[in-house]
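Written out below as structure tokens is the structure these notes cover.
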Amino acid sequence: MLDKMTNRLDFHGNALLLRAERQRAIASNIANADTPGYVARDFKFADALREVSEAQNPGPMRLQSATDPRHIPLPAAKTGSGSDSALGYSLQTSPSMDNNTVDMDRERAAFVDNAVRYEATLRFINGNAKTMLSAIQGQ
Amino acid sequence: MSMFSIFNVSGSAISAQSQRLNTVASNLANVDAVAGPDGQSYKARQVVFQTTPMGADSSAGVRVSAIQESNLPGRRIHDPSHPSADAEGYVTHSNVNAVEEMVNMISASRSYQNNVEVMNTAKTLLLKTLQMGQ
Chain L
49 MLDKMTNRLD FHGNALLLRA ERQRAIASNI ANADTPGYVA RDFKFADALR EVSEAQNPGP
109 MRLQSATDPR HIPLPAAKTG SGSDSALGYS LQTSPSMDNN TVDMDRERAA FVDNAVRYEA
169 TLRFINGNAK TMLSAIQGQ
Chain W
12 MSMFSIFNVS GSAISAQSQR LNTVASNLAN VDAVAGPDGQ SYKARQVVFQ TTPMGADSSA
72 GVRVSAIQES NLPGRRIHDP SHPSADAEGY VTHSNVNAVE EMVNMISASR SYQNNVEVMN
132 TAKTLLLKTL QMGQ
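Residue numbers (the numbering used here), protein chains in the order written: chain L, 49 to 187; chain W, 12 to 145.
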């Protein structure tokens, strides 16, 4: 019974976590905009959310580096001591001499877009909570 | 809370960019410095950025890995009346390129602003998250 009430909250909770994760990835890209050789990282939110909600354990997210579904996807990259990375690589738009692939315009747009969607998810959660509370109170 | 590490990431970028701004300031301050008695003039300094992992996989900060001195020859200007002129009448100035430094300064300050904006957005989002369910 309670499970049915919180089902919808679970979905939005997962979405909120993924939004926070993406916000962090974009913040890292912006921080490394001047680092030589840095490769911008990102993931497709829709694919990640689908995988999380299909199986409750998050698997490796779809790589963005493949432009065609028939391409063999690149193996997930490893950074530092972590396990297999769940992040893909952004496509390079404007080549630069120091091999940095951060496109500042795109990152800023993605950052603002992600922030707005994060807030939207928060409002969905708040709305759900209000609906359930008024159902419990029966007023 | 995964969003809190945004402050670490952007903070590292801000400190790296301000260090870059510092070297630009010392380069510009010494743009007209002449060689001292040892014949060595001021050499332009440049910071080298490096990505540094910060705990989670998706957060990558920045650090200054080295400060390199430029090995370009200094500007030589013919001025026999100058007290530091050599036997041929040339004065060796520093090898700072003022135009390059100005571009460097603008780029550093823009990157700094970008990271401050990222931190402000992250703060707003976290505050709204704290009010969840109210």
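Idealized CB from N, CA, C, for every residue including glycine. Here the structure is a predicted model, which is why all the values come from computation and not from measurement.
| Query | Result |
| --- | --- |
| Option nearest residue 125 of chain W by Cα separation, candidates W/13, W/24 and W/15 | W/24 |
| Assumed close pair residue 13 of chain W, residue 55 of chain W - CB separation to whole angstroms, cut-off 8 angstroms | About 40 angstroms; that fails the 8 angstroms criterion. |
| Pairwise C-alpha distance: residue 95 of chain L and residue 113 of chain W | 44 angstroms |
| Stretch-stretch touch, CB-based, cutoff 8 angstroms, three pairs: the region 78 to 89 of chain W with the region 102 to 121 of chain W | yes |
| For residue 80 of chain W: DSSP bridge partner residues | W/56 |
| Status (buried if at least 16 other CB within 10 Å, exposed otherwise) for residue 43 of chain W | exposed |
| Buried or exposed (CB count within 10 angstroms, at least 16 for buried), residue 75 of chain L | buried |
| Residues that DSSP places opposite residue 64 of chain W in a beta bridge | W/71 |
| Cβ separation of residue 54 of chain L and residue 148 of chain L, assumed to be a contact under 8 angstroms, to the nearest whole Å | Contact doesn't hold; Cβ gap of about 44 angstroms is too wide. |
| Through-space distance from residue 41 of chain W to residue 160 of chain L, alpha-carbon basis | 40 angstroms |
| Rounded separation between residue 150 of chain L and residue 162 of chain L - CA only | 17 angstroms |
| Closest residue to residue 69 of chain W among L/118, L/97 and L/78 (Cα-Cα distance) | L/78 |
| N-terminal and C-terminal residue of the beta strand (DSSP E) that residue 101 of chain W is part of | 101 to 103 |
| Short CB-CB distance (under 8 angstroms) between residue 99 of chain L and chain W | no |
| Cutoff 8 angstroms; reference residue 75 of chain W; Cβ partners in own chain excluding five residues on either side | 27, 30, 31, 58, 59, 60 and 61 |
| Pick from W/96, W/128, W/50 and W/136 that is closest to residue 22 of chain W, judged by C-alpha positions | W/128 |
| Member of W/18, W/108, W/20 and W/135 whose CA lies at the smallest distance from the CA of residue 82 of chain W | W/108 |
| Residues of the region 122 to 133 of chain W whose Cβ lies closer than 8 angstroms to any Cβ of chain L, in chain order | 122, 125, 126, 129, 132 and 133 |
| Beta-carbon neighbours of residue 76 of chain L, restricted to chain W and to distances below 7 angstroms | 20, 69, 70 and 71 |
| Within chain L, partners of residue 17 of chain W - CB distance below 7 angstroms | 71, 72 and 75 |
| Helix, strand or coil at residue 85 of chain L [DSSP, three-state] | coil |
| Chain-order list of residues whose beta-carbon lies under 8 angstroms from that of residue 35 of chain W (same chain, five-residue window excluded) | 112, 115, 116 and 119 |
| For residue 95 of chain L, three-class secondary structure by DSSP | helix |
| Any chain W beta carbon closer than 8 angstroms to residue 184 of chain L | no |
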